[in-house]
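Here's the structure, in structure tokens; my notes come after.
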Ligand code: GLN
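Numbering (my numbering), first residue to last: 619 to 1075.
Rendered as structure tokens:
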């Protein structure tokens, strides 16, 4: 099942790994370690048979209830797949965040916000409701909001509108997606509930032509995907709108940020609170049995397992995502290792001079931690030297904090020096020339001089 040596794995590995290993069976690769982990996880949860197939669309009751697939895409498009990762099923409600993103992309946030809110509803996905005060759907993840989102996608005819939707999803998945005609017809023939929702929205002035809009909504829900497609679509969101496999920008970062926000608060319907606490990733489920989960900047996850809980979320999908998150530390509110290990070393090359060696990605939280450490220690030294030679990236808030640290020490009658060979932290034009040094030796020598001058007074 999904072993790295089988054809299915090698297909993806060969495409993405350069150079191609001539004899991958000779020694295990790092990729294989992850692959084994995924296979174990799928084997562990394979026996779980709880839940029921969605039955409100007759056609959905015909799928194999034991189907189970898991795919992870790294942010550079590397895939790990296990189980029935390439089994096709209908996307159903996982379409909702993507149509919402498309609407934001095409008509802008203001126009979208005028028709769809961003408040979690706590209601079931197919609740016939609008917000009591605004009279628009509470959010784009329940059917009412999703149907309104379809109506915002520009197009003179339902065909044109659907073509835009399909192209957008396909660009995220990196392959052309096809419709499942049977599921589409089945849902169109029986979708009274959604018809009720669409007509209610028309009565509140949210949309016109409910039948045309519904037809497109039924078609979008019937697009066929695999867990691989979902992982790739999720990875496109993780990458801020760039499909990591094709390198194509599908939409902009602000659209993705807004979309992920509503996935966090509303993606798992009335299970959203549990999900965010336990799994901690923006995600979307569908009654076809899929879940797509996004770890921003890092991963896209796709799961397929069609037996559902009472909220319409895949039972095994939720369990597997939960296990993945716990075991790999994927909860998006986990403090990153970098920010915990921002101070790599602290030492005193001579009495009164303390060197703080910083490393990793220095963001606000990491810099703030460094600042507090220095603040706590500053009774113990006269010159603090911040060595940022090993800092990989730094953002503006962190930069400001470091510069502020130097200024504050000076104001306290001490000195704060920065060792910054590449001007990563202190830009040359900032007037900090006398405290910024190219090498640690230069800084320590300057500190010695300063101590001599100031201690003799
Ligand atoms: N097509 C389904 C509906 O509109 C999608 C619901 C879902 O996946 N939660 O009811």
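C-beta: ideal position from N, C-alpha, C; glycine also. All values derive from a computational prediction rather than experimental measurement.
Contact between residue 710 and residue 906 holds, since their C-beta atoms are separated by about 4 Å, short of 8 Å. Spanning the alpha carbons of residue 717 and residue 762 requires a straight line of approximately 13 Å.
The three-state secondary structure of residue 795, taken from DSSP, is coil. Look at which beta carbons fall closer than 6 Å to any heavy atom of ligand 1; those residues are 710, 711, 743, 744, 761, 805, 812, 839, 904, 905 and 930. In this structure, the CA atom of residue 743 is about 11 Å from the CA atom of residue 815.
In the structure shown, residue 717 falls within a helical segment according to DSSP collapsed to helix, strand and coil. The criterion of a C-beta distance shorter than 9 Å is satisfied by residue 1061 and residue 1005.
With 16 or more other Cβ atoms inside 10 Å of its own Cβ, residue 689 counts as buried.
Burial state of residue 866 is exposed, judged by a 10 Å Cβ sphere holding fewer than 16 other Cβ atoms. The continuous alpha helix (DSSP H) containing residue 856 extends over residues 845-856.
In the pairwise beta carbon analysis, the region 835-853 is classified as touching the region 676-692: at least three pairs are separated by under 8 Å. Straight across, the Cα-Cα distance linking residue 795 with residue 1009 is about 43 Å. Judged by beta-carbon spacing, residue 880 lies beyond the 9 Å limit of residue 899, meaning their Cβ atoms are not closer than that value. Under the three-state reduction of DSSP output, residue 652 falls in the helix class. Of all alpha-carbon atoms in 775, 860, 835 and 933, the one lying nearest the alpha-carbon of residue 917 is that of 860. In terms of Cβ geometry, residue 890 and residue 939 do not form a close pair [threshold 9 Å].
Per DSSP, residue 683 lies in no beta strand (DSSP E) and is assigned neither H nor E. Between residue 949 and residue 759, the alpha-carbon positions lie close to 21 Å from each other. Going by beta carbons, residue 841 and residue 787 fall inside the 9 Å limit. The beta carbon of residue 708 sits closer than 8 Å to the beta carbons of 678, 798, 801, 839, 840, 841, 842, 843, 904 and 906 from its chain, once the five residues preceding and following it are set aside; these are given in chain order. At a cut-off of 3 residues, the continuous stretches assigned as beta strand (DSSP E) that sit fully inside the region 854-916 are 901-903 and 908-913. Under the three-state reduction of DSSP output, residue 735 falls in the coil class, being neither helix nor strand. Residue 941 and residue 662 have their C-alpha atoms spaced approximately 10 Å apart. Residue environment analysis places residue 823 among the exposed positions, since fewer than 16 neighbouring C-beta atoms fall within 10 angstroms of its C-beta. According to the DSSP assignment, residue 1004 belongs to the beta strand (DSSP E) that extends over 1001-1012.
Excluding sequence positions up to five before and after residue 748, its CB lies within less than 8 Å of the CB of 754, 755, 756, 762, 818, 819, 822 and 824, all in the same chain and listed in chain order. Straight-line measurement puts the Cα of residue 960 at about 40 Å from the Cα of residue 713. In the structure shown, the three-state DSSP call for residue 752 is coil. When the five nearest sequence neighbours on each side are left out, the beta carbons in the same chain lying within less than 6 Å of the beta carbon of residue 864 are those of 792, in order along the chain. Here the C-alpha atom of residue 804 lies approximately 21 Å from the C-alpha atom of residue 922.
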